[in-house]
Each structure stands twice: as structure tokens, then as C-alpha cells.
Amino acid sequence: MDSIAYANIIRAQVAPNQIGKLVLELSGDIDQLDAAIEWMRSRHVNVSHTLGEIAINPDVCVHCGLCTGVCPTEALSLHPETSKLTFTRSRCIVCEQCIPSCPVQAISTNL
Ligand code: SF4
Ligand code: SF4
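Just so we're aligned, residue 3 is where the sequence shown starts under the working numbering, counting upward by one.
Right, dumping it as C-alpha cells:
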């Protein structure tokens, strides 16, 4: 049976007749992923891999928890006992949704 590649849309900012940005999580056979990326490029879609990382400034964060509400992977959470923000880097897909949610600009990326 042929294997199937899956695409999960993490974030979409695409307005009609404008340049937009999609953050996709792709999973499947590596050859199919390469073919999918080539297909997008053949239709003049710029494709880049996320190489940067999210950074949270502990001197600025006030542990309000607002960022945890927008994180799709639960990389951000409030510790159940201390109520302090916990960042599980291995779960982060660098979708950047948390950055604008922070009222004190404690979150940044080096993308
Ligand atoms: S970039 Fe922010 S919102 Fe996105 S997965 Fe990472 S921690 Fe969560
Ligand atoms: S939204 Fe900003 S201040 Fe609030 S917990 Fe998240 S990083 Fe900290």
C-alpha cells in the first residue's frame, strides 16, 4: 500500500490577492515530503524550514499564562504547583503564535 504524507496547518495568514504565510507540519515518507515541497515550489510558493528557536526572557515574564492558551502543542504551560511558566522546548514547533500573545514581549525568536 502506498504511504501517505500528511500536512497539518499550524498557522495561516493569507489574505485575498496578497502574499501570505502558512506554517505547516508535514509528516510522512521522506520522499513524499520532498515531492510535496517540490510541488509547492513549482507553484511559486517559497518554502523554508524553521531553524530558529523560541526564547522566553525569564527577567520579563510575569507568568500570566496568556501564551499557554494559544500554544497548539502544549509546549507552554503553567506548572500546577508553582503556577510558573514552563517551556518544553522539545514540543515547540516554532509556529510563533505565542509571540504576539505576550503582553510584556517576553517571547522572541531568532528566525
Ligand atoms: S512557537 Fe510558541 S505557540 Fe508555537 S509551539 Fe512553540 S511555544 Fe507553542
Ligand atoms: S504571556 Fe508572556 S508574561 Fe505571560 S506567561 Fe507567557 S511569556 Fe510569561
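The beta carbon of each residue, even a glycine, is placed where N, CA and C say it ideally should be.
- Message: I need the straight-line Cα distance from Cys-115 to Pro-102, nearest angstrom please.
- Response: Outside the shown range of the chain (3 to 113) lies residue 115, about which nothing can therefore be said.
- Note down, in chain order, each residue of its chain lying with its Cβ closer than 6 Å to the Cβ of Cys-97, except the 5 sequence neighbours on either side. As a position in the sequence shown, residue 97 is number 95, starting the count at 1. If we look at Cys-97 and ignore the five residues flanking it on each side, its Cβ neighbours are Ile-12, Arg-13, Val-25.
- Query: Closest Cβ-Cβ distance between Leu-80 and chain C: below 8 Å?
  - Reply: Among the chains of the structure shown, chain C does not appear; only one protein chain is present.
- Message: Under DSSP, the beta strand (DSSP E) around Arg-13 begins and ends at which residues?
- Response: Reading the sequence shown from its first residue, position 11 is the one you call residue 13. Per DSSP, Arg-13 belongs to the beta strand (DSSP E) from 8-15.
- Take Arg-93 as the anchor and find which of Val-47, Ile-56, Thr-75 has the nearest alpha-carbon. Position 91 of the sequence shown, counted from the start, is the residue given in the question as residue 93. Arg-93 has its Cα closest to that of Thr-75, out of Val-47, Ile-56, Thr-75.
- Compute every distance between the C-beta of Cys-66 and the non-hydrogen atoms of ligand 3, then say whether any falls below 7 Å. This structure lacks ligand 3; the ligands present are ligand 1 and ligand 2.
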